[in-house]
Structures are given as structure tokens and as C-alpha cells.
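Q: Pasting a structure below so you can have a look.
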Ligand code: PEP
Ligand code: MN
């Protein structure tokens, strides 16, 4: 429920109403604006009937939030959320690029990749230490050692680091070494994990499940935000369709849809979205053109020897060229590469 207060309502009036909302068993939200203060009441909206908030003398208007996701909804918050990823801003007119290998493999190669993407203008690095692989016989990641490598490389380059967390019990450990959590496609509906990262205040890049709708993605984001962590970035990374020519079908329709429905930033991963190195750059530019707030891209200093996803990883030279081309698209749509 969105509760708009009358212009003469003071902060003390708002506090009184917030207490009332809480006493009814709803989560109160305080959103002061330039002209009006807006309050939110999140939860079972029937409970609001108990306190007759609509007839309060300082309440101008009470409107229900029609979508099933509430806190992430643009109905609740009109302006874009801008997430601070270790100094790199995501959302609100910025275009932010996070690049790096699929997995952290060794310090030397991680550092070489990070230095290369930094030179080309990337704003952050990625690399998985815990890899959720389809086969139990594939490389599963270096675990804690991988986190330490990623952290060292982040410190040496000054680039904030993003890495995947695959279970709730690892959240505290991953949080120590990375600037942001990645929740992978396979875990988009692992609700205990979503709640665990929701307890943190570090940014979360939430990837869309491969058989999840855009609304499912928004409901999963709601799990994180409703725990108190508003620093969520949504990521379209391709879905399973009848099309087998590419690894996944990158659903760029989801970008304008999500941008309309939510105030959260939305980024695109064209690497998993296509699964083909040569298709990554065209889809990255398309993503920028259709309104994405940034990209998550796999780049490897030497993709031929990559331990996972080498076939979809860009060579540093390809990434460098892509960044130059992206700059033109980003400028054309009126965003800025921070
Ligand atoms: C990854 O980013 O390397 C990854 C495993 O992504 P996804 O969860 O989208 O498959
Ligand atoms: Mn990968």
C-alpha cells in the first residue's frame, strides 16, 4: 500500500503513522519527497483495515500496489535505485561493465585478465570461486583459495569484485572477500540463500533462472529486498527455449519490461545469453541500446586454456574493441559510462 501524506504533515506525524502501520503487522517504509512524504505499508494489505489509515486527517491518498512484488516495484519508488558496487555506480543513467573469467583459476591469469579489462575501461571484475557446474566431473572452482585470489587482484587493480555464492552457509565468507554477491541462474529460487544475502548489505547481482519468467525474477528480488538489502541488481542471462542454435535465448524483451516494473538496475550477461564468443559483442551492444544499465561479460586472458566457458569468453582485444563500440551506443542513448 502506498500512503501519500498531506503537504502539512511533519516528520513527527509520519513517525506516528509508521508506528501505527507496524502495530498492524505491516512493514513500514518512510519515503520523504520534495513536495510530499510517502509511506509504504508492505505485507497483507487487509491488515491495514484495522487501523483505518485512509481516514487519518494527515493522509491524502492510499493506493494499493497492484503487483505481487512490492518493495522492488516502481509503483512504490519512481526513481531508479543506484547501487554502489565498491565505488562503481550501477543504475540511474550510468552504464557499468563488469568483466572477467567464468572461474577464478590462478592468480597470474586472473591478474592478467583484470589488468586487461581495466585498461579497456571495465568498472569491475568477475570470477567464480564456487562454480555450480552441470556435471559433477567439471571444474568446481577453487573455493576459499579462489576468493583470496579474487580479493588480491581486486586490491591490486582497484576494481571491485563480484563472485557467486551458492549456499547460505558461505555468505559470511564470500562477503569478506568480494564487493558483491552473484546469485546464479540455478539458485534464483533458492529462497533460503536469497534471505541470507538479504541479511547482508553488500550488493547482490541476481541472475534470472533459465526457466523463470521476468516476474519470477522480480519476486526473487523481493525476497532479498524484504530482508533489508535494497542493493539488488537484476541480470538477464538468457532462458531456455526451443531454439538450440545458441546456448540460451537472450531475452532482451525483459529489459524494457523490467525497467518499467522495477526501480532496480538491470544488467545483461550476453556471454551465457548466447554461449558463442562471436555473438557476445552484438548482443552486448543490443543490450545497451534497449536500456540495460550495464553488462556482465566473460573475458579471459587466454580463453583457449580456460577451465570453464572458454568458448564464450572474449579475448582481451575483442573486449577492448567492444568497449569502444559500446561507448558510442551508450552516448547515443544518453547514459554515461562511469
Ligand atoms: C556464471 O556467471 O559463470 C554463471 C554460472 O552464470 P549463470 O548462473 O547465469 O549460469
Ligand atoms: Mn560462466
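Numbering (my numbering), first residue to last: 10 to 347. Idealized CB from N, CA, C, for every residue including glycine.
1) Expressed to the nearest angstrom, what Euclidean distance is found between the alpha-carbon atoms of residue 335 and residue 93?
2) For residue 6, count neighbouring C-beta atoms within 10 Å of its own C-beta (all shown protein chains included) and say buried if the count is 16 or more, exposed if not.
3) What residue range does the alpha helix (DSSP H) around residue 160 cover?
4) Would you tell me roughly how many angstroms separate the C-alpha atoms of residue 254 and residue 318, rounded to the nearest one?
5) Tell me, to the nearest whole angstrom, how far the beta carbon of residue 174 is from that of residue 148; I am working on the premise that it is less than 8 Å.
6) Is the beta carbon of residue 305 within less than 8 Å of some heavy atom of ligand 1?
7) When the Cα of residue 72 is compared with those of 78, 84, 66 and 65, which residue comes out closest?
8) If I follow the unbroken beta strand (DSSP E) through residue 69, where does it start and stop?
9) How many Å lie between residue 237 and residue 320 at the Cα?
10) With a threshold of 9 Å between beta carbons, is residue 161 in contact with chain B?
11) Please report the straight-line C-alpha distance between residue 74 and residue 162, rounded to a whole angstrom.
12) With DSSP as the reference, identify every bridge partner of residue 135, one or two as the case may be.
13) Just to confirm the assignment, what range does the alpha helix (DSSP H) spanning residue 39 have?
14) Which whole-angstrom value is the C-beta distance of residue 276 and residue 242, which I expect to be below 8 Å?
15) In whole angstroms, what separates the C-alpha of residue 138 from that of residue 305?
A: According to the structure data:
1) 22 Å
2) Absent from the structure is residue 6, since the part of the chain shown begins at 10 and ends at 347.
3) 153 to 166
4) 17 Å
5) Wrong, their Cβ atoms sit about 18 Å apart, outside the cutoff.
6) yes
7) 84
8) 68 to 72
9) 38 Å
10) Although the question refers to chain B, the structure presented lacks it and comprises just one protein chain.
11) 44 Å
12) 171
13) Not the alpha helix (DSSP H): residue 39 falls in the beta strand (DSSP E), residues 36 to 41.
14) 6 Å
15) 16 Å
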